[in-house]
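Notes follow the structure.
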Amino acid sequence: MLEWKWLRTQNPIYKDLFKYWIKIFAVAFGMGVVSGVVMSYQFGTNWSEFSRVAGSITGPLLTYEVLSAFFLEAGFLGIMLFGWGRVGPRAHFFATLMVAIGTCISMFWILSSNSWMQTPQGFAIENGIIVPKDWFAIVFNPSFPYRFAHMGAAAFLVSSLLVVGTSAWHLVKGRRDELVKKSFSMGLWMVLVTSCLQVVIGDNHGLNTREHQPAKLAAMEGHWETNHNEPMPLLLFAIPNMKEERNHFEVGVPYLGSLILTHSLDGQVTGLKDFAPEDRPNSTIVFWSFRVMVGLGVLMVTLSLIALWLRKRGKLYETSWFHKFALVMGPSGYVAMLAGWVTTEVGRQPWVVYGIMRTKDGLSHTVSADQVGLSLFIFVVVYTIVFGSGIYYTLKLINKGPVFIDTPNVETGGVGHFKTPMRPLSAVDENIDDNQKSGEKHHD
Numbered sequence: 018m019l020e021w022k023w024l025r026t027q028n029p030i031y032k033d034l035f036k037y038w039i040k041i042f043a044v045a046f047g048m049g050v051v052s053g054v055v056m057s058y059q060f061g062t063n064w065s066e067f068s069r070v071a072g073s074i075t076g077p078l079l080t081y082e083v084l085s086a087f088f089l090e091a092g093f094l095g096i097m098l099f100g101w102g103r104v105g106p107r108a109h110f111f112a113t114l115m116v117a118i119g120t121c122i123s124m125f126w127i128l129s130s131n132s133w134m135q136t137p138q139g140f141a142i143e144n145g146i147i148v149p150k151d152w153f154a155i156v157f158n159p160s161f162p163y164r165f166a167h168m169g170a171a172a173f174l175v176s177s178l179l180v181v182g183t184s185a186w187h188l189v190k191g192r193r194d195e196l197v198k199k200s201f202s203m204g205l206w207m208v209l210v211t212s213c214l215q216v217v218i219g220d221n222h223g224l225n226t227r228e229h230q231p232a233k234l235a236a237m238e239g240h241w242e243t244n245h246n247e248p249m250p251l252l253l254f255a256i257p258n259m260k261e262e263r264n265h266f267e268v269g270v271p272y273l274g275s276l277i278l279t280h281s282l283d284g285q286v287t288g289l290k291d292f293a294p295e296d297r298p299n300s301t302i303v304f305w306s307f308r309v310m311v312g313l314g315v316l317m318v319t320l321s322l323i324a325l326w327l328r329k330r331g332k333l334y335e336t337s338w339f340h341k342f343a344l345v346m347g348p349s350g351y352v353a354m355l356a357g358w359v360t361t362e363v364g365r366q367p368w369v370v371y372g373i374m375r376t377k378d379g380l381s382h383t384v385s386a387d388q389v390g391l392s393l394f395i396f397v398v399v400y401t402i403v404f405g406s407g408i409y410y411t412l413k414l415i416n417k418g419p420v421f422i423d424t425p426n427v428e429t430g431g432v433g434h435f436k437t438p439m440r441p442l443s444a445v446d447e448n449i450d451d452n453q454k455s456g457e458k459h460h461d
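Given below as structure tokens:
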């Protein structure tokens with residue numbers, strides 16, 4: 018978006034913002050690649066039985082991801098990061114576009130595989146092996162469109178909240194230049210669009226879950242007894258007890274559960290007691306992870322609506338309490354996304370392929386608990402180093418903030434004092450006044 022805006026308007030502010038944010042998202046991209054490579058090996062090491070039984074479906078889907086997305090990203094990533102001045106502006110924008118498209122294609126195949134494990138379709142079981150019969154039904158399984166849309170919007174929402182939080186940090190510190198204000202404004206517009214869009218997508222995703230994974234939905238809502246033509250409340254607070262098959266300290270809103278989950282006042286929602294105890298997901302975990310996600314989503318919508326109100330009043334950049342609120346909300350996208358994936362993955366338990374293969378049956382029988390523990394320890398150490406370094410570098414970039422590079426004659430106040438040298442080949446952050454004083458001292 019930033020590079021496209023620069024090409025269209027030739028406003029150097031967009032180019033400077035692009036050069037700043039591309040560094041941060043390049044770090045995130047690198048960490049994602051490192052963690053993703055390890056996951057592919059785990060299918061064969063820790064989940065060999067799952068790979069043996071379902072590999073004829075999950076294997077090709079992940080192969081398609083490598084062939085159609087990974088090589089596309091790898092081929093254009095270098096041009097996007099290091100191509101300024103080496104290729105033309107339009108060629109550079111094309112490279113950026115290809116990396117973005119490659120990332121979306123990668124998400125497509127990965128979520129298709131995950132969604133098939135949630136709502137398997139288009140297969141047959143022959144001699145204990147899952148055999149593909151209809152690849153269209155496999156790829157576009159019942160939950161895939163909703164999960165793809167939900168995760169796609171979440172990715173944009175997480176990114177835009179990071180932009181908003183970073184910009185708010187500099188506003189709180191007193192910086193008021195055009196780079197910070199433009200970044201803050203664009204991020205809030207994106208939060209407004211994506212957060213409201215998530216409400217619609219999430220509602221439809223919930224209806225799909227009710228149809229295809231009713232046990233997961235019951236766990237999400239802490240719903241034990243099937244309500245036969247009776248209104249179901251929406252529980253705002255509860256502590257589900259799996260052993261006693263009931264909730265403690267319930268606080269709910271009458272009728273609202275049925276209205277949201279069935280779009281009627283007395284729609285039926287299957288309770289957890291209708292499923293065998295061994296087929297129930299852990300409602301305690303799923304109930305609260307779901308509420309963390311939804312609660313943060315409500316705050317995101319609130320943030321964007323307040324921003325819209327302040328924008329109309331012309332006080333978006335002068336309201337300090339809102340800047341602090343936006344700063345706190347900066348990392349909320351990551352938390353909400355992780356809570357959503359906890360809901361999705363814990364909610365489908367005890368199945369690795371829903372209704373077909375249990376998680377315990379997909380493990381590698383030849384790998385001992387000690388070996389798994391040792392490899393897990395090594396992964397934790399390596400990931401701590403990789404992600405710790407990445408987060409440290411990202412925080413340094415965030416603290417520095419966007420820098421004026423191509424924008425001429427910009428005066429800033431507060432924290433960021435950037436000057437554009439008037440001499441050719443001068444360093445961007447070189448202080449000309451200091452050099453002049455140094456020269457005068459040398460002559461003295």
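Numbering (my numbering), first residue to last: 18 to 461. For glycine and all other residues, C-beta sits at the position ideal for the given N, C-alpha and C. Keep in mind the model is a prediction, meaning the values are calculated, not measured.
Asked: Residue ranges of each alpha helix (DSSP H) within the stretch 129-209, 4 or longer; Found: 152-156, 161-189
Asked: N- and C-terminal bounds of the beta strand (DSSP E) containing residue 265; Found: 263-270
Asked: Assigned exposure category for residue 163 - 16 Cβ within 10 Å defines buried; Found: buried
Asked: Nearest to residue 132 (by Cα), restricted to the options 27, 103, 74; Found: 74
Asked: Nearest-angstrom Cα separation, counted from residue 350 out to residue 57; Found: 26 Å
Asked: Selection from 78, 358, 235, 95 that minimises the alpha carbon distance to residue 286; Found: 235
Asked: Collapsed DSSP secondary structure at residue 221 in the structure displayed; Found: helix
Asked: Coil, strand or helix - residue 297 by DSSP; Found: coil
Asked: Meets three-Cβ-pair contact criterion under 8 Å: the stretch 236-254 and the stretch 286-295; Found: yes
Asked: One or two residues paired with residue 256 in a DSSP bridge; Found: 265
Asked: Nearest to residue 33 (by Cα), restricted to the options 147, 125, 284, 194; Found: 194
Asked: Range of the contiguous alpha helix (DSSP H) that encloses residue 70; Found: 65-82
Asked: Proximity below 8 Å, CB of residue 334 to CB of residue 190; Found: no
Asked: Distance, residue 410 Cα to residue 48 Cα; Found: 12 Å
Asked: contact_flag[the stretch 120-135, the stretch 63-80] where n(CB pairs < 8 Å) is 3 or more; Found: yes
Asked: Residues that residue 104 bridges to, as DSSP identifies them; Found: 101
Asked: Beta-carbon proximity check, residue 255 vs residue 304, cutoff 8 Å; Found: yes
Asked: Alpha-carbon spacing of residue 434 relative to residue 352, whole angstroms; Found: Its pLDDT being 40, under 50, residue 434 is placed unreliably in this model, and the coordinates cannot settle the point.
Asked: Counted within 10 angstroms of its Cβ, other Cβ atoms place residue 271 as buried (16 or more) or exposed; Found: exposed
Asked: Close Cβ partners of residue 479 (< 8 Å) along its chain, the five nearest in sequence each way excluded; Found: No statement about residue 479 is possible, as the shown extent of the chain runs from 18 to 461 and does not include it.
Asked: 8 Å contact criterion, which residue 248 and residue 283 should meet: CB distance rounded; Found: 5 Å
Asked: Three-state secondary structure assigned by DSSP to residue 384; Found: coil
Asked: Sequence-distant residues of the same chain with beta carbon closer than 7 Å to residue 96, five excluded per side; Found: 104, 109, 112
Asked: Coil, strand or helix - residue 308 by DSSP; Found: helix
Asked: Which residues DSSP lists as bridging residue 368, in chain order; Found: 375
Asked: Straight-line gap, residue 70 to residue 137 (C-alpha atoms, nearest Å); Found: 13 Å
Asked: Outcome for residue 470 when other beta-carbon atoms lying within 10 angstroms are tallied against a minimum of 16; Found: Nothing about residue 470 can be read from this structure; the chain reaches only from 18 to 461.
Asked: Whole-angstrom distance between residue 65 and residue 328, CA atom to CA atom; Found: 55 Å
Asked: In DSSP terms, what residue 251 is bridged to; Found: 270
Asked: Per-residue DSSP class, three states only, for residue 215; Found: helix
Asked: Per-residue DSSP class, three states only, for residue 416; Found: helix
Asked: Nearest neighbour of residue 8, chosen from 417, 223, 18 [CA to CA]; Found: Coverage of the chain is limited to positions 18 through 461, which leaves residue 8 absent and any answer about it impossible.
Asked: Minimum C-alpha distance to residue 167 - residue among 204, 184, 121, 148; Found: 121
Asked: Selection from 260, 372, 348, 421 that minimises the alpha carbon distance to residue 185; Found: 348
Asked: Local conformation of residue 233 per DSSP, three classes; Found: helix
Asked: Collapsed DSSP secondary structure at residue 285 in the structure displayed; Found: coil
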